[in-house]
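A.B. asks: The numbers in the sequence shown follow this note's numbering, run straight up by one, and end at 109.
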Amino acid sequence: IVMGAGCIVSAPLWRLVMVVGMEKPRVEQCCLVVMCLGLTLIFFFGHTVSEVGFLGLLLVWSFGVGGQSFAPAAMKADVTDYDELLNGVRREGLFVSTVDCASK
6 IVMGAGCIVS APLWRLVMVV GMEKPRVEQC CLVVMCLGLT LIFFFGHTVS EVGFLGLLLV
66 WSFGVGGQSF APAAMKADVT DYDELLNGVR REGLFVSTVD CASK
């Protein structure tokens, strides 16, 4: 429940960071840093903190996961448009199928 709540709350916050002016790849990098920080804290301190502290560590990790849930998908359109600019051909299907297949 805590992880789901953290993801649901953090996704609009990461989106707001994008709207304010941070570029999409930088937002994804920040999400990955937050995820790694959360997992590192859970690994080293998860067994020593109380239950409430552990839920807090899960919340930190889930904030990174929330941003990762939409950041790569938001960049797919930019990559497709950039490819059209370079090659003059729209190949959305190729990019979508490649990304979807690679994520499985």
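Every residue gets a Cβ at the ideal spot worked out from N, C-alpha and C, and that includes glycine.
Should residue 72 and residue 15 be called a contact, given that it needs their Cβ atoms to be closer than 8 Å?
C.D. replies: Yes, Cβ-Cβ distance for residue 72 and residue 15 is below 8 Å.
A.B. asks: Could you tell me the distance, in whole angstroms, from the CA atom of residue 53 to the CA atom of residue 75?
C.D. replies: Cα to Cα, the separation comes out at about 33 Å.
A.B. asks: Cβ of residue 37 within 8 Å of Cβ of residue 69?
C.D. replies: Cβ distance < 8 Å, so residue 37 and residue 69 count as in contact.
A.B. asks: I need the DSSP call for residue 85, collapsed to helix, strand or coil.
C.D. replies: In this structure, residue 85 counts as helix in the three-state DSSP scheme.
A.B. asks: With C-beta atoms as the reference, is residue 39 less than 8 Å away from residue 65?
C.D. replies: Yes, Cβ-Cβ distance for residue 39 and residue 65 is below 8 Å.
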